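Protein chains in written order, with the numbering used here: chain A, 23 to 234; chain B, 18 to 687; chain C, 18 to 131; chain D, 4 to 417.
By construction, the Cβ of each residue, glycine as well, lies at the ideal position given by its N, Cα and C atoms.
Remember, it's a predicted structure, so these values are computed and weren't measured experimentally.
Written out below as structure tokens is the structure these notes cover.
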Amino acid sequence: MADIAVHEEDHAHTEHGGYDDHVVHATSTGLSNNKLAMWLFLGSECLLFGGLISTYMLYRGRHEGGPGPSQIFDIPLTSVSSFILLMSSLTMVLAVNSAKRKDDRNTNLWLVVTALLGALFVGGQVYEFTAFYQEGLGFTTSLFGSSFYTLTGFHGVHVTVGVIMLLALVGAITRNRVTGDKAEVVEMVGLYWHFVDVVWVIIFTLVYLIPS
Amino acid sequence: MAIIERPSAVPATVGAGGTTELVTPSRALGAYRRPVSTTGWKSWLFTVDHKKLGIMYGAVSLFFFLVGGIEALLIRLQLAAPDNTVLSAGLYNEMFTMHATTMVFLFVMPMAAAFANYFLPLQIGARDVAFPRINAVGFWLFLFGGIFLNTSWFLGGAADGGWFMYSPNSSALFSPSHGIDFWVMGLQITGIASLVGAINLIVTVLNMRAPGMKLMNMPVFTWMVLVVQFLLLFAMPVITVALFLLSFQRNFGATFFDVNQGADPLLWQHLFWIFGHPEVYIIILPAFGIISEVLPTFARKPLFGYKFVVFSGAAIGFVGWGVWAHHMFASGLGPVSVAVFSVATMLIAIPTGVKIVNWTLTLWGGKLWFSTAMLFSIGVIVLFTIGGVSGVTHAVAPSDTQQTDTYHIVAHFHYVIVGGAVMGLFAGFYFWWPKMFGQMLSERLGKWNFWLMFFGVNLTFGPMHILGMQGQPRRMVVWPEKLTGDGFFDLAFWNQVASVGSFVIAAGVLLFVINIFYTAKKKVAAPLDPWDARTLEWITSSPPKEHNFDRIPTVHSLDEFFHRKYEEVDTENGPKLVKVKTAEEVLAEEEANADHHIHLPSPSYWPIVLALGFPIIAYGVIFNLLLTIVGTALVLLAIFGWCLEPSVADDSDYDPPAGGDSTKELATLG
Amino acid sequence: MSATTDHAAQADAVEHHHAHDEHVPSDGYFIKIAIILAIVTALETSTYWWPDSMDSFATPALLIMMAIKFFMIVSIFMHLKFDSKIFSLMFYMGLVLAIGVYLVFLFTFQFFRP
Amino acid sequence: MDRSEATVTTLGEMSSTRRRWPLAALAVSAGTFLASCASNAPQDYFDPAGPNAEKIDTLQRPVFYIAGVVALIVIGAVGYIVFKFKDRGQDIPEQSHGNPKLEIALTILPAIILAGIAVPTVVTVFDLNKQDDTECIINVTGQQWWWEYDYATGECGGVEISQPIVTSGELVIPADTPVLLRVTSRDVIHSYWIPRLNGKRDAVPGRLHTLRMQADEPGIYTGQCTEFCGLSHARMRQAAVALNQADFQTWVDNQLEPYTAPEAGTLAATGEQTFIANCSKCHQVNGIANADGTPVLSDPDLYVVSGVAPNITNLMTRTAIAGWTFDLINEECRDALWTASPDEFGAMYLAGVTPDCFDEAALRDWLRNPPGMKPMYVDPNNLDSTGGKYRGMPMLNLNENQIDELVAYLLERK
Ligand code: HEA
Ligand code: HEA
Ligand code: CUA
Ligand SMILES: [Cu+2]
């Protein structure tokens, strides 16, 4: 993702041995290319998740031959994991703030915490899936099953990708391999992470909490 | 000579203040060097240059146009006589499915991407796009996706569900071959290409404009491309969802379209058309952009009502989201939905009409030069209008229940697509060829090309109006003799006319292909400004240097180039436009004030590697999950390499070693 | 190089933001926001134990709380409130389009029929 | 439908059409939108034969004219400008950038025209959707690749239907009576369309859609499945047959007549046995019984993906089979029937497949090799994907004797 704005006249200065493009990118709008791209991507993701959520909404009541939502959802458990994901947004913000202060140590610390919380969430989801499966809701059992697993699965994959990105970022920061503006890279991963959280905010309400 | 600016240990001037900083070369980073070839095949495989990518996009889509065209000719051969046996029923179904898929996804969309890639940076005065490597990935994904899709012909048969692939006919039960799996996965792959391309181009337009290039100074082509990228950005995810649902059903047993489980087949229709209708504007708007460049150039006056044309383009893009269900008037939506979508659809004729009117008024009072590009553009106005008004007859929902799924629809969309989008792209070919290759396509062949296509389109698709109204449904491998009727309107006669017409189009297209080879062989250099053009892409050599502009031009107005050449002088008979500078002089001035120390992105190995992983994953999903793991590993490796790649090539990698001033003198594009 | 700065300066009349004069809220502020979010989440969860008779009240309440959480995260954690309006435009364009299109989509399935 | 014959006629067609080439150019340039004025093909949708199609027609005609005129104006304007302003060495024109007032005017004008189209459109949408005057309800079910009609018991246009009637291919309705079709499907999406009576309505599995049908006069109105439904979509046709009330009564009575077994010792009687042995697992003939008197019941859901095969109790009352694609009657009889005046049509139709008219070629070919005539996914080696079921009628490897017997038997199913 983090390609460098290239047509600009820029000056590179070496830092820590790597070729660090610490460049002031002058763009027409004055905005960073990378951040703009990330926001566009997130705008696009709205339509992706919108489609999955609508499909789920349409099909949630159709579960002949298998358990329905109200039979299997474990609201207290999901609430805990929702809370965990929510808090990971806080730690992410703290990581971004540390990065802006050029405080690598704290940046890394918060990134690791965020990744752990994310991993915990994914773990919760894996547990939830196995539990549901044992209660008779397979991917192919019913329309409800297919659309539930697809929606939450897509979200889970997004979280997993986020965790990998966070950990890779920690590695890159530790070894000074971040190309481009470090704070901005952290911020970009942060945007992605918050978006994934925000999607869960919606899923948690629409899928789990609203009585069907 | 290296085109890639490499960091040299010479002091470079930085910033307005003129402070000097030392720029040192980077160090090699293990295996992750960047390739540096500027000529030869490697320079194409690893290029990140938007112009090279543009040319590759163009070449590949042209190839797919011929493929899709040959499929169309086979369709027309089959339909030339009643109960014909050129194609079997199964093959015929594969043929029209792949004809449409190839034409839409592998020809028109990527051909528009070709022009967008090549000319958008030039038109806004940029040296490249915002994300050159992502740009390269887009191209390779398109190429590999297209090849993947077409390998289905040899691996058990192509998709046979029609291009909108309605469920449940697309379920494994009803289409047991792997064709639809190829279709689903192929479109996913090219879909990623469109999505990343869209993000890239939007950022480019917003962020990389030359000084003075306000949004309202941008050429209309750039504007239309921008609108298209937004449409892609928001439409691709919708089809992505639909395709995922379908492939989960076909490959992993999900139940989304299983009616026995209570599924509603209309789910697919909605998702497809929520994508599909914006898609038709994705198809047409680049062509609108092209002819909005061509018409003013050859009328020698600015586009009439620039702002109206721009806003109407945006309006089309916007309203286009609210009309998708006009493809489902017979699907049983219920009267309220039908009425709402019917009226919404009619609304779209208003902004589109604005464009037609403005083009026509651009011509009014002009000094019209009928070059081939101009002929094609005028052809678009005429043919698109015919297709557009038949679109309005479809928008009238009750009449559409008669028209839908007949040849009347086929007539409508071929008029707007072939008469509109394809002819528009051809206008682009003739208009921009000298800029891209420094050679003029033969105008004489070009005019033959135009007239054959123009008559061919009318001969092929005109009769389809009659066929439709006489009740011939589409997608029928045979039409029966007993239902042809006789007299003036009989189906047999008009089907024959249409079939003959398709070969007339083919002759036109063939002339274009011949023209390319003829031109390449003749090797006559084109004048710098053959058309007396108006926009920024002409303020550079033909073909443009690798860094596009010696000096980033400063823009003062719309039609910047024109205003540098012409000035208004007062004469006795009032003000008069006089040419004060030739294009050569304009260019010389730029060259004389060239920017120093231009920094261009280095080529990269990773885009092609990354893209290659996707078809492997897709084959894996169809044939053997082990392959999927291999593909995924390749993708991960490529991402890893991508991230660790230094931002420029290592000094010692340059070949031949550059000496002295490394910023100039670029290899030609060949 | 002078072209660069010209470039930026002469470019569009769009608000010119620079990486450094951006408003960066303090850690404490974010923690406060997080606490509010946590409280809202607790409220949301509590609806699960509300009696069935309150269902018709719970749904709108949940939707409102969802929206509050959504916009707090987006505008504060994701800085949209402090950042350039262009970012907001890009994101909300997608969001509004998605909401609009999919609501109509569900409407055609008579999803909202009681 | 002999193949060589088809080729011959094609060639004949070609030579006769060559002379019309100049006309072709003329017609195309004259604007094919106006093609609605005259017609010959039986599915011309500008030739309504009932009130529903009529409503559509009165809506679409002016729209087509408007569309044509708009197109002609644009083409005319472009043509005029191209002629008037071509480069004759004039000066470079003034660089004018537009004229907002003119622009706005030319934006509003189409808006007004479209508003004029939108209002009657909406009115007609709701008008066509009314169903309170329905006098007869018929269930129409599509499957790969034929239509089944199921007449519910009750009154239909003044005629009492005492027991359900199940037929295929030809929809028989009382003329001048508002009929409501309840359209659905058993496998993929199909679309029911009788152009001269009404627009299309998709037959979507899992959904029930309604479609109004009404023919003013007795006659036969052809149609075609218009939603792509797989391999033999092109060979999924249908017709609506309208009869006046008395004739409709006769038709209903005939459909409900009890089964008459073939006379013992005849070829047809052997055919009955052959039928029971080979066919009745899929096809139902109402009333047919084994030698011991037990009724023979078909079990198509075991053999066919969609779960049904056509009910052929009264096969010979229909004029075409297998998705109404292959004629049971010869060409003269077909032409006579299709062009019969409303008065004589009923009698002609009720006569059914008479010995004079019967053309057994298609039926024999069908029994010999159904997938050879109509592509269906019935390759016996390739049934894994469907759980062993066929998607059409498979080749049964009947010998010519069996075919003779079956034809003799089927000829009596009227
Ligand atoms: C380039 C692609 C393109 C474009 C631009 C359009 C443009 C339009 N289309 Fe078309 N359409 C398709 C490609 C396109 N379409 C395709 C591929 C299909 C079939 C898909 C399939 O089934 O396979 C289709 C199908 C299709 C249908 C569904 C038909 C059916 O299957 O039953 C409808 C229905 O409303 C429709 C309507 C319209 C309308 C109203 C416009 C309008 O945008 C047209 C507006 C333009 C004009 C009207 C002309 C200029 C205007 C004036 C001169 C002003 C004055 C005009 C008036 C007052 C009338 N189109
Ligand atoms: C971009 C879109 C596009 C384009 C450009 C075309 C172009 C053409 N189309 Fe296509 N068509 C569709 C999109 C398009 N079509 C779609 C979406 C459908 C619906 C499919 C469905 O129902 O699912 C369709 C369906 C369709 C049908 C209906 C099939 C059916 O319903 O049964 C027909 C029938 O005539 C047809 C014909 C043609 C013809 C004759 C051309 C011509 O314009 C083609 C002209 C081009 C050539 C003839 C190529 C030239 C080739 C050569 C000169 C050979 C030279 C070779 C070498 C040099 C090696 N098309
Ligand atoms: Cu049934 Cu097409
Ligand atoms: Cu559309």
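Exercise for review: Compare the C-beta of B:K582 with all C-beta atoms of chain D and state if any pair is closer than 8 angstroms.
Suggested key: Within the second sequence, numbered from 1, the residue matching residue 582 of chain B stands at position 565. Closer than 8 angstroms: no.
**Study point:** Test: C:F108 CB closer than 8 angstroms to a CB of chain A
**Key:** Residue mapping note: residue 108 of chain C aligns to position 91 of the third sequence, counting from 1. Put simply, the CB of C:F108 is near chain A, with a gap under 8 angstroms to one of its CB atoms.
**Study point:** Backbone CA spacing between D:I176 and A:P89 [nearest angstrom]
**Key:** Here residue 176 of chain D refers to the residue found at position 173 when the fourth sequence is read from its first residue. Here residue 89 of chain A refers to the residue found at position 67 when the first sequence is read from its first residue. Distance between the alpha carbons of D:I176 and A:P89 is about 46 angstroms.
Practice item. Going by DSSP, name the residue or residues bridged to D:Q241. Key: By 1-based counting over the fourth sequence, the position of residue 241 of chain D is 238. According to DSSP, D:Q241 bridges with D:G226.
**Study point:** Among D:H193, D:V299, D:A237, nearest to D:F329 - alpha-carbon criterion
**Key:** On the fourth sequence, residue 329 of chain D is found 326 positions in, with the first residue counted as 1. Checking every option, the nearest Cα to that of D:F329 belongs to D:A237.
Check your understanding: Is B:G142 near B:M241, with beta carbons less than 8 angstroms apart?
Key -> As a working note, residue 142 of chain B is residue 125 in the second sequence. As a working note, residue 241 of chain B is residue 224 in the second sequence. It is not a contact, given that the beta carbons lie outside the stated cut-off.
Review point. Taking C-beta to C-beta, are B:M688 and B:G75 nearer than 8 angstroms?
Key: No answer is possible for residue 688 of chain B: the residues shown for chain B start at 18 and end at 687.
Exercise for review: With hydrogens ignored, establish whether the beta-carbon of B:H344 is closer than 7 angstroms to any heavy atom of ligand 4.
Suggested key: For the purposes of this step, residue 344 of chain B is taken as residue 327 along the second sequence, with counting starting at 1. Yes, the Cβ of B:H344 comes within 7 angstroms of a heavy atom of ligand 4.
Check your understanding: Cα separation between D:D136 and D:P181?
Key -> Within the fourth sequence, numbered from 1, the residue matching residue 136 of chain D stands at position 133. Within the fourth sequence, numbered from 1, the residue matching residue 181 of chain D stands at position 178. If you take the alpha carbons of D:D136 and D:P181, they lie about 7 angstroms apart.
**Study point:** Reduced DSSP category for C:S105 - H, G, I as helix; E, B as strand; rest coil
**Key:** Position 88 of the third sequence, counted from the start, is the residue given in the question as residue 105 of chain C. The three-state reading of DSSP puts C:S105 in helix, counting H, G and I together.
Review point. Which residues does DSSP pair with D:N142 in a beta bridge?
Key: Taking the first residue of the fourth sequence as 1, we reach residue 142 of chain D at position 139. D:N142 pairs with D:D153, D:R185.
Review point. In whole angstroms, what separates the C-alpha of B:Q246 from that of B:M253?
Key: Taking the second sequence and counting its residues from 1, one reaches residue 246 of chain B at position 229. Taking the second sequence and counting its residues from 1, one reaches residue 253 of chain B at position 236. The alpha-carbon atoms of B:Q246 and B:M253 are separated by roughly 10 angstroms.
Review point. First and last residue of the beta strand (DSSP E) that includes A:T113?
Key: On the first sequence, position 91 is the one that residue 113 of chain A refers to. Per DSSP, A:T113 lies in no beta strand (DSSP E); the unbroken alpha helix (DSSP H) holding it starts and ends at 97-122.
Exercise for review: Please work out which residues of its chain come closer than 7 angstroms, Cβ to Cβ, to B:I398, disregarding the five sequence neighbours upstream and downstream, and give them in chain order.
Suggested key: If you number the second sequence from 1, residue 398 of chain B lands on position 381. Result list for B:I398: I373, W376, T377, in chain order.
Review point. Bridge partners of D:H212, per DSSP?
Key: In the fourth sequence, the residue the question calls residue 212 of chain D occupies position 209. Paired residues: D:V186.
Point to revise | Span separating the alpha-carbon of A:G160 from that of A:S168 | key: Working through the first sequence from its first residue, we reach residue 160 of chain A at position 138. Working through the first sequence from its first residue, we reach residue 168 of chain A at position 146. The straight-line gap from Cα to Cα measures roughly 8 angstroms.
Review point. Does B:L350 come within less than 8 angstroms of chain C when only Cβ atoms are used?
Key: Against the second sequence, residue 350 of chain B aligns to sequence position 333. True, the Cβ-Cβ gap to chain C drops below 8 angstroms.
Check your understanding: Leaving out five residues before and five after B:G107 in sequence, what residues of the same chain have Cβ atoms less than 8 angstroms from its Cβ?
Key -> Here residue 107 of chain B refers to the residue found at position 90 when the second sequence is read from its first residue. Result list for B:G107: G174, D177, in chain order.
Review point. Under 8 angstroms between C-beta atoms, does A:A59 make it to chain B?
Key: Your numbering for residue 59 of chain A matches position 37 in the first sequence. Chain B, which has a Cβ nearer than 8 angstroms to the Cβ of A:A59, makes this yes.
**Study point:** Which of helix, strand or coil DSSP assigns to C:D44
**Key:** The residue labelled residue 44 of chain C in the question sits at position 27 within the third sequence. Correct three-state label for C:D44: helix.
Check your understanding: B:H67 to B:G214, Cα distance in whole Å?
Key -> Position 50 of the second sequence, counted from the first residue, corresponds to residue 67 of chain B. Position 197 of the second sequence, counted from the first residue, corresponds to residue 214 of chain B. Each residue's alpha carbon lies about 11 angstroms from the other.
Review point. Taking the C-alpha atoms as reference points, what is the distance between C:L123 and C:L54?
Key: Numbered from 1 along the third sequence, position 106 holds the residue referred to as residue 123 of chain C. Numbered from 1 along the third sequence, position 37 holds the residue referred to as residue 54 of chain C. Between the alpha carbons of C:L123 and C:L54 lies a gap of roughly 29 angstroms.
Exercise for review: Leaving out five residues on either side along the sequence, give the residues of the same chain with a beta carbon under 7 angstroms from the beta carbon of B:A550.
Suggested key: As a working note, residue 550 of chain B is residue 533 in the second sequence. Excluding positions up to five away in sequence, the list reads T314, F578.
Review point. Counting only runs that start and end within the region 102-190 of chain B, where is the alpha helix (DSSP H) found for 4 or more residues in a row?
Key: Secondary structure within the region 102-190 of chain B: the alpha helix (DSSP H) runs of 4 or more consecutive residues, fully enclosed, are 106-118, 126-141, 149-168 (chain order).
**Study point:** Distance cut 5 angstroms, beta-carbon to ligand 5 heavy atom: residue list by chain order
**Key:** This structure does not include ligand 5; its bound ligands are ligand 1, ligand 2, ligand 3 and ligand 4.
Check your understanding: Is it true that the CB of B:V413 sits closer than 8 angstroms to the CB of D:T124?
Key -> The residue given as residue 124 of chain D occupies position 121 in the fourth sequence. The residue given as residue 413 of chain B occupies position 396 in the second sequence. Cβ atoms of D:T124 and B:V413: closer than 8 angstroms.
Review point. Taking C-beta to C-beta, are B:A570 and B:E607 nearer than 8 angstroms?
Key: Counted from its first residue, the second sequence places residue 570 of chain B at position 553. Counted from its first residue, the second sequence places residue 607 of chain B at position 590. The residue asked about is misnamed: residue 570 of chain B is Pro in this sequence, not Ala. A contact, by the Cβ cut-off of 8 angstroms.
**Study point:** Within chain B, partners of D:S235 - CB distance below 9 angstroms
**Key:** Indexing the fourth sequence from 1 puts residue 235 of chain D at position 232. Neighbours of D:S235 on chain B, chain order: A106, V494.
Exercise for review: List the residues of chain B that A:R197 touches, going by C-beta distances under 9 angstroms, in chain order.
Suggested key: Within the first sequence, residue 197 of chain A is the residue found at index 175, counting from 1. Result: empty, since nearest Cβ-Cβ is about 10 angstroms, beyond 9 angstroms.
**Study point:** Partners in chain D for B:G383, counting only beta-carbon separations shorter than 7 angstroms
**Key:** The residue given as residue 383 of chain B occupies position 366 in the second sequence. Those within 7 angstroms of B:G383 in chain D are F88, P96.
Check your understanding: Tell me the DSSP bridge mates of D:H193?
Key -> Taking the first residue of the fourth sequence as position 1, residue 193 of chain D is located at position 190. In the DSSP output, where bridge partners are listed per residue, D:H193 has D:A206.
Review point. B:A259: which of B:L243, B:N277, B:P282 sits nearest, CA to CA?
Key: The residue given as residue 259 of chain B occupies position 242 in the second sequence. Comparing Cα-Cα distances from B:A259 to each of B:L243, B:N277, B:P282, the minimum goes to B:P282.
**Study point:** Beta-carbon proximity list for A:W7, same chain, < 8 angstroms, skipping 5 on both sides
**Key:** In this structure chain A extends from 23 to 234, so residue 7 of chain A is not present and cannot be described.
Check your understanding: Does at least one heavy atom of ligand 2 sit under 7 angstroms from the Cβ of B:V77?
Key -> Locating residue 77 of chain B in the second sequence gives position 60, where the first residue counts as 1. It does not: the Cβ of B:V77 is nowhere closer than 7 angstroms to a heavy atom of ligand 2.
**Study point:** Selection from D:G145, D:D179, D:G172 that minimises the alpha carbon distance to D:G233
**Key:** Numbered from its first residue, the fourth sequence carries residue 233 of chain D at position 230. Measuring from the Cα of D:G233, the nearest candidate turns out to be D:G145.
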